[in-house]
Amino acid sequence: MGDATSGPIRLSFNPQLRVEFRGATVTSDTGLLLPRELDERLGLDALIERYLADPRTGHNRQFSVSDLFRQSIYSRLAGYEDTNDAERLAEDPTFRMLASRERRETSVALTSTLHWFETDVLAEERNYQGLAHLNTELVQRAATGARRVTLDIDSSESPVHGAQEQSAYNGHFESVCYHPLFVFSQDGDCLAATLRPGNVHSADGWARSRLMKAHYVAILSLVAGAVLGAGIIQGLHAQAKPPVYTVSLIQVTNPDAYANQYLPPARASIKAHGGVLLAAARELR
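First residue of the sequence shown: 9, per this note's numbering; consecutive thereafter.
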């Protein structure tokens, strides 16, 4: 692309930056500036401070939790699958611009620091829980306010290259892997996730997983019918005050499982969260 015909776009998270479409002055990861602007407007800094704890007790902290968190997230977003590229990206001008003001004139974290952050800091129980709350609130802030919500619960393959704990051979994927479970909205936002051993079936442990500890417990208790006999779930309607969730369409293929295993815990879970189950077995024929 050539020079821009209109004025540059200035970014509120860093007024020193401006976005112009000039073919001679682009870098490979410049596109990350736009999602960085989005996270600034959604208040990601405040969410990181609220939900992620820094285990360091000294005052000599070269990299803040916010900088390390953003470097980890944005490197994955750019297609770098692990921390091995951090050495090269530490001097990348785009990644320096994504960081806090203090880091923009120097460099971001190297491989060893980023690896420590991802495997030690984020793996702490309080931060593990905090990540779920942070993701939940971030998605809520970005929500469009649509009254119809469709949830997609699916598993995926996370291949490993070694003897990691609980990794196992999965016959479907024909690889040694983990078999995580994800919940996505109709917009493609990941609402929740849980890591599982590689040799479990797709629906294994959904009720015991950390998915049920997120704010989506009332919705998920309905979607659980897909595991226990409801073959097709086309959508959910949601009202904010009070939180009322109704299933638009369910085709029940196992009436006994629906009535005895799914419906009672669904009623209890929805009631516990201030909701009302509007549809029962008699309406779903």
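All C-beta atoms, glycine included, are put in the ideal place defined by N, C-alpha and C.
By the neighbour-count criterion, in which a residue is buried when 16 or more other Cβ atoms sit within 10 angstroms of its Cβ, glycine 206 is buried. With contacts defined as CB atoms closer than 8 Å, alanine 61 and arginine 134 qualify as a contacting pair.
Using a C-beta cut-off of 8 Å, the region 160-170 makes no contact with the region 91-106, since fewer than three inter-stretch Cβ pairs fall below that distance.
Per DSSP, reduced to three states, the secondary structure at phenylalanine 77 is helical.
Selection Val184, Leu199 and Asn178 evaluated against serine 210 yields Asn178 as nearest (Cα-Cα). The closest CA to that of leucine 118, considering only Asp75, Glu173 and Ile56, is found on Asp75. Here tyrosine 177 carries a strand assignment [DSSP, helix/strand/coil]. Scanning Thr102, Asp162, Phe77 and Ser183 for the CA closest to the CA of alanine 171 turns up Ser183. Taking 8 Å as the cut-off, the beta carbon of glutamate 45 is found no closer than this to the beta carbon of serine 80. According to the DSSP secondary-structure assignment, arginine 26 is paired through a beta bridge with Arg18. Taking a C-beta distance under 8 Å as the contact criterion, leucine 85 and proline 43 qualify as a contact pair. By the CB criterion at 8 Å, threonine 121 and phenylalanine 71 fall inside the cutoff. When the Cα atoms are used, tyrosine 59 and glutamate 126 turn out to be separated by approximately 15 Å. Bridge partners of alanine 200 according to DSSP: Val191.
Arginine 204 has its alpha-carbon roughly 8 Å from the corresponding atom of glutamine 174. Counting the other CB atoms within 10 Å of its CB gives serine 277 a total of 16 or more, which places it among the buried residues.
Taking C-beta separations shorter than 8 Å and ignoring five residues to either side along the sequence, the partners of serine 115 in its chain run Ala98, Glu99 and Arg104, following chain order.
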